[in-house]
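FYI, the numbering for the sequence shown is 10 to 312, going by the numbering used here. C-beta: ideal position from N, C-alpha, C; glycine also.
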Amino acid sequence: MIATRSRYHSGVLPVFYALLPVFYALLLGCCPAAPLAEAPPDSEGEGFVAEHRSGLDAAGFAVAFDAVLSTGFPLPHTVYADYRELLEHGDGSCPSAGGTEYFDVSQGCTTDEGFSFRGRGGIMVVDTRVYTSGGSWSGAYAQYSNPADYAISRPDGTSLESGGILETLVMQEGGVTTWSARMAGTFLDDGRSDWLGRKFSGEFELSGSGVGSEAEQTVDGELSLGGVAIGFGALKLGPASCPDGALGGTVSLRQSDSTWFELTLGEGCGACGALIWDGIEELGEACVDLAPVLDTVAIASVL
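Structure follows, in structure tokens:
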């Protein structure tokens, strides 16, 4: 057995390796080489840009961005108030509430007045405020609606539909106020004419702190109203020192093909900056109206 393996390795294999070049030559001669695939188009070339970017220029971007926030900037406070107002139309048996601001009606129910409730909703409040004799306070006040998964319909057929998370927090200590607000999911009340009537979807968070009018706030995230999506990247607001603009950050607008226009606001104070499409094409300077975002500072920083 050992002798057989020795003869194989010493005799057959050298002949096989010696013939390999012949086999390769025959193979290449009888079978022409496949043509090379064409190189993909330059994803940063002029043809790609012309084909994929919409007709928006810097001015068109500003108009489209401003239109999204023309009915106000979304905040959980609006949904809280809407929910509480509608919950007042419950009659005790529909919904059979587990608390004054909570219900769980998996099969749905309708009151004699014609209001229908379906799903699970509620607002949890955590209040640790301590007041002084002068009326000032320290501590925290938080509201949560997590999850918000319900629909409340009115007799006229309009309804508030919520699916997601709502969170707000205001804290005060040593004269310094700190606050935050977060929305994530989808929220719609088709009986309203403000932003909530245009269907919110997305996720964003704002947070701020400061003393009195010197407070500053940062906004991060993406949101869609009326099917048009915009974004905020570390958008820094300081209404006292910069009442009409931002102190830095980015705002953006998404196209239907998921590419983005991004406006970088320069440091300092302003609502103008350099606009670029999809990180490829520079479109010059654009200016947007940040008033709806600036308004959130006064709302979110107080109870």
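Per the DSSP secondary-structure output, Arg201 pairs with nothing in a beta bridge. In the structure shown, the three-state DSSP call for Asp75 is helix. Non-local C-beta neighbours of Ser218 in its own chain, meaning closer than 6 Å and more than five positions away in sequence, comprise Thr187, ordered along the chain. Sorting Ile161, Gln181, Thr195 and Gly258 by C-alpha distance to the C-alpha of Gly173 places Thr195 at the top. If you draw a straight line from the Cα of Gly69 to the Cα of His86, it is about 31 Å long.
Per DSSP, Ile132 has no beta-bridge partner at all. Rounded to whole angstroms, the gap between the alpha carbons of Gly81 and Gln264 is 21 Å. The way I'd put it, the stretch 92–106 doesn't touch the stretch 250–265; fewer than three beta-carbon pairs between them come closer than 8 Å. Around the CB of Gln226, 16 or more other CB atoms lie within 10 Å, so the residue is classed as buried. Note that the C-beta distance between Ser125 and Ser171 is not below 8 Å.
A Cβ-Cβ distance of about 5 Å is found for the pair Ala67 and Leu292, placing them in contact under the 8 Å criterion. Under a 10 Å Cβ-count criterion, Tyr159 is classified as buried, with 16 or more other Cβ atoms of the shown protein chains found around its own Cβ. Beta-carbon to beta-carbon, Leu169 and Tyr92 are separated by about 7 Å, close enough to satisfy the 8 Å threshold. DSSP places Thr177 in the uninterrupted beta strand (DSSP E) bounded by Ser168 to Glu182. Runs of the beta strand (DSSP E) spanning 3 or more residues and lying entirely within the stretch 81–119 occur at 111–119, in chain order. Beyond the five residues adjoining it in sequence on each side, Ala149 comes within less than 6 Å, by CB distance, of Thr137 and Met180 in the same chain, given in chain order. Within the same chain, Ala149, Ala151, Trp188 and Ser189 come within 7 Å of Leu178 by CB-CB distance, once the 5 residues on both sides are set aside.
Leaving aside the five residues that flank Val185 on each side, the residues in its chain whose CB is nearer than 6 Å to its CB run, in chain order, Val220. Taking C-beta atoms as the reference points, Gly282 and Thr273 count as a pair closer than 8 Å. The continuous beta strand (DSSP E) containing Thr273 extends over residues Trp269 to Leu274.
Residue range Glu225 to Leu234 is occupied by the beta strand (DSSP E) that includes Thr227.
Shown here, Asp304 sits in a helix according to DSSP, grouped into three states. Separation of the CB atoms of Val114 and Leu234 is rounded to 29 Å, and the pair is thereby denied contact status at 8 Å.
In the DSSP assignment, Thr259 falls within the beta strand (DSSP E) that extends over Gly257 to Arg263. Out of Leu246, Cys251, Glu290 and Gly258, the CA that lies nearest to the CA of Thr305 is found in Leu246. When the five nearest sequence neighbours on each side are left out, the beta carbons in the same chain lying within less than 8 Å of the beta carbon of Asp165 are those of Gly200, in order along the chain.
Cβ-Cβ distances below 7 Å link Phe74 to Ile239, Val260, Leu262 and Val297 in the same chain, with the five nearest sequence neighbours on each side left out; the list follows chain order.
Taking Val88 as reference, the option from Pro248, Ile285 and Arg191 with the minimal CA-CA separation is Arg191.
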